[in-house]
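Shown next, in structure tokens, is the structure this report addresses.
Residue numbers (full-length UniProt numbering), protein chains in the order written: chain A, 1 to 89; chain B, 1 to 242.
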């Protein structure tokens with residue numbers, strides 16, 4: 001099944017649930033009308049949270065740059081000895 | 001797909017290049033250093049580099065052997081997807097590894113890709129930079145923010161099952177790569193996303209290994225408005241066609 005159909009099915013299910021709530025008045029009508037807005041705002045907040053926390057915990061590796069320079073030096077040494085032209089770009 | 005575990009597998013490493021005369025020599029040295037007991041070949045797909053990349057590759061062939069380093073050049077810049085396709089035609093390994101030539105992908109991770117595939121029998125092993133043992137060096141805050149935002153959006157819309165969608169350091173079972181590459185039409189990094197998403201949709205077993213990514217020291221890829229638009233268009237395309 002195409003992925004977008006899965007998402008549509010989910011939306012349809014949520015809408016059916018919401019309409020069900022409206023019809024049966026399990027929850028007071030005034031709240032029910034606002035539920036979609038609450039959902040969208042919550043999703044937005046969740047998204048911001050994921051971006052923010054991901055940004056704070058963004059994995060960095062400064063030591064890798066140092067290691068890379070070492071590897072480059074080692075490689076250049078070897079290649080020079082083999083007569084390979086390792087002049088800069 | 002049952003691979004005979006007693007038989008040694010051969011790995012074909014496809015590296016597309018354009019103006020990488022220094023980096024290609026460095027990366028080939030590092031590949032040979034880190035894959036000492038592995039049966040592999042390196043396939044350099046050069047798009048007619050004017051800086052003499054192909055000459056350097058020919059010199060490397062003298063050192064390492066023409067059976068270990070294959071130069072399969074093309075006349076001019078013809079795009080990444082077709083570069084893999086072209087390399088694949090000349091690959092003789094059961095597994096194909098794709099990686100960049102600019103040293104942002106370090107060959108020291110190659111053994112971990114191979115090990116992961118052997119341990120899990122995965123069809124695809126993809127490198128992820130966004131996990132604890134992985135990482136990225138050389139990005140400023142704005143770049144990290146864009147990356148993180150893009151990733152959250154992609155995860156929400158696509159449910160891809162992998163943490164790093166745009167990464168291009170991957171190991172594929174050869175038949176799997178052939179299958180997936182034939183169904184992809186995008187260009188650039190959206191192509192990388194399309195590959196992994198389509199593979200995921202087709203039900204292939206995908207595993208991840210942490211990798212570190214050191215962005216180019218010189219001329220680091222700028223992320224402008226047009227790249228962001230391309231990315232969003234790519235996401236929508238993938239949302240509706242996969």
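Beta carbons are placed, not taken as given, at the ideal position from N, Cα and C, and that holds for glycine.
Quick caveat: nothing in here was measured; it's all calculated off a predicted structure.
Legend entry - Bridge-paired residues (DSSP) for residue 67 of chain A: Indexing the first chain from 1 puts residue 67 of chain A at position 67. Here residue 67 of chain A is not bridged, per DSSP, to any residue.
Legend entry - Three-state secondary structure assigned by DSSP to residue 211 of chain B: Your numbering for residue 211 of chain B matches position 211 in the second chain. Coil at residue 211 of chain B, not helix or strand.
Legend entry - Between the CA atoms of residue 4 of chain A and residue 23 of chain A - distance to the nearest angstrom: If you number the first chain from 1, residue 23 of chain A lands on position 23. If you number the first chain from 1, residue 4 of chain A lands on position 4. Rounded to the nearest angstrom, the gap between the Cα atoms of residue 23 of chain A and residue 4 of chain A is 28 Å.
Legend entry - Given 8 Å, three or more beta-carbon pairs between the stretch 132-139 of chain B and the stretch 43-59 of chain A: yes
Legend entry - residue 154 of chain B to residue 10 of chain A span [Cα, whole Å]: One-based indexing of the second chain puts residue 154 of chain B at position 154. One-based indexing of the first chain puts residue 10 of chain A at position 10. If you take the alpha carbons of residue 154 of chain B and residue 10 of chain A, they lie about 18 Å apart.
Legend entry - 7 Å Cβ cut-off: residues of chain B touching residue 17 of chain A: Numbered from its first residue, the first chain carries residue 17 of chain A at position 17. Within chain B, no residue comes near residue 17 of chain A; the closest Cβ sits about 20 Å away, beyond 7 Å.
Legend entry - Residues of the stretch 51-72 of chain B whose Cβ lies closer than 9 Å to any Cβ of chain A, in chain order: 51, 52, 55, 56, 59, 60, 62, 63
Legend entry - Inter-stretch contact at 8 Å, needing at least 3 Cβ pairs: the stretch 29-46 of chain B / the stretch 115-129 of chain B: no
Legend entry - Cβ shell of residue 238 of chain B (< 7 Å), same chain only, five flanking positions each side left out: Here residue 238 of chain B corresponds to residue number 238 of the second chain, with the count starting at 1. Around residue 238 of chain B: 158, 193, 194, 197.
Legend entry - Pairwise C-alpha distance: residue 146 of chain B and residue 227 of chain B: Position 227 of the second chain holds residue 227 of chain B. Position 146 of the second chain holds residue 146 of chain B. Those two C-alpha atoms are separated by around 11 Å.
Inset, instruction - Between the Cα of residue 39 of chain A and those of A:67, A:68, A:70, A:18, spot the shortest distance and give me the residue it belongs to. - result: Stepping through the first chain from its first residue, residue 39 of chain A is reached at position 39. Per the Cα distances, A:18.
Legend entry - First through last residue of the beta strand (DSSP E) which encompasses residue 124 of chain B: As a position in the second chain, residue 124 of chain B is number 124, starting the count at 1. Residue 124 of chain B -> beta strand (DSSP E) spans 124-128.
Legend entry - Nearest-angstrom Cα separation, counted from residue 56 of chain B out to residue 23 of chain B: Within the second chain, residue 23 of chain B is the residue found at index 23, counting from 1. Within the second chain, residue 56 of chain B is the residue found at index 56, counting from 1. Rounded to whole angstroms, residue 23 of chain B to residue 56 of chain B spans 10 Å at the Cα level.
Inset, instruction - Taking 8 Å as the cut-off, decide whether the C-beta atoms of residue 27 of chain B and residue 88 of chain B are in contact. - result: As a working mapping, residue 27 of chain B is identified with position 27 in the second chain. As a working mapping, residue 88 of chain B is identified with position 88 in the second chain. Contact flag unset, no.
Legend entry - Neighbourhood of residue 166 of chain B by C-beta, 7 Å cutoff - its chain only, sequence neighbours within 5 removed: By one-based count along the second chain, residue 166 of chain B stands at place 166. Here the set comprises 189, 192, 193.
Inset, instruction - Determine which residues share a DSSP beta bridge with residue 71 of chain B and list them. - result: Looking up residue 71 of chain B in the second chain gives position 71. In the DSSP output, where bridge partners are listed per residue, residue 71 of chain B has B:44.
Inset, instruction - Please go through the same chain and pick out, in chain order, the residues whose beta-carbon is closer than 7 Å to the beta-carbon of residue 77 of chain A, but skip the five residues on each side of it. - result: For this step, residue 77 of chain A is matched to residue 77 along the first chain. Answer for residue 77 of chain A: no residue qualifies.
Inset, instruction - With residue 8 of chain B as the anchor, note down where its beta strand (DSSP E) starts and where it stops. - result: For this step, residue 8 of chain B is matched to residue 8 along the second chain. Element bounds for residue 8 of chain B: n/a, residue is neither H nor E.
Inset, instruction - Check the Cβ of residue 242 of chain B against every Cβ in chain A and list those closer than 9 Å, keeping chain order. - result: Against the second chain, residue 242 of chain B aligns to sequence position 242. Those are 2, 3, 4, listed as they occur along chain A.
Legend entry - Under 7 Å (Cβ pairs) to chain A, residues found in the stretch 25-41 of chain B: 25, 26, 29, 30
Legend entry - Neighbourhood of residue 29 of chain A by C-beta distance below 8 Å, restricted to the same chain and skipping five residues each side: For the purposes of this step, residue 29 of chain A is taken as the residue at position 29 of the first chain. Excluding the 5 residues flanking it on each side, residue 29 of chain A has same chain C-beta neighbours closer than 8 Å at 22, in chain order.
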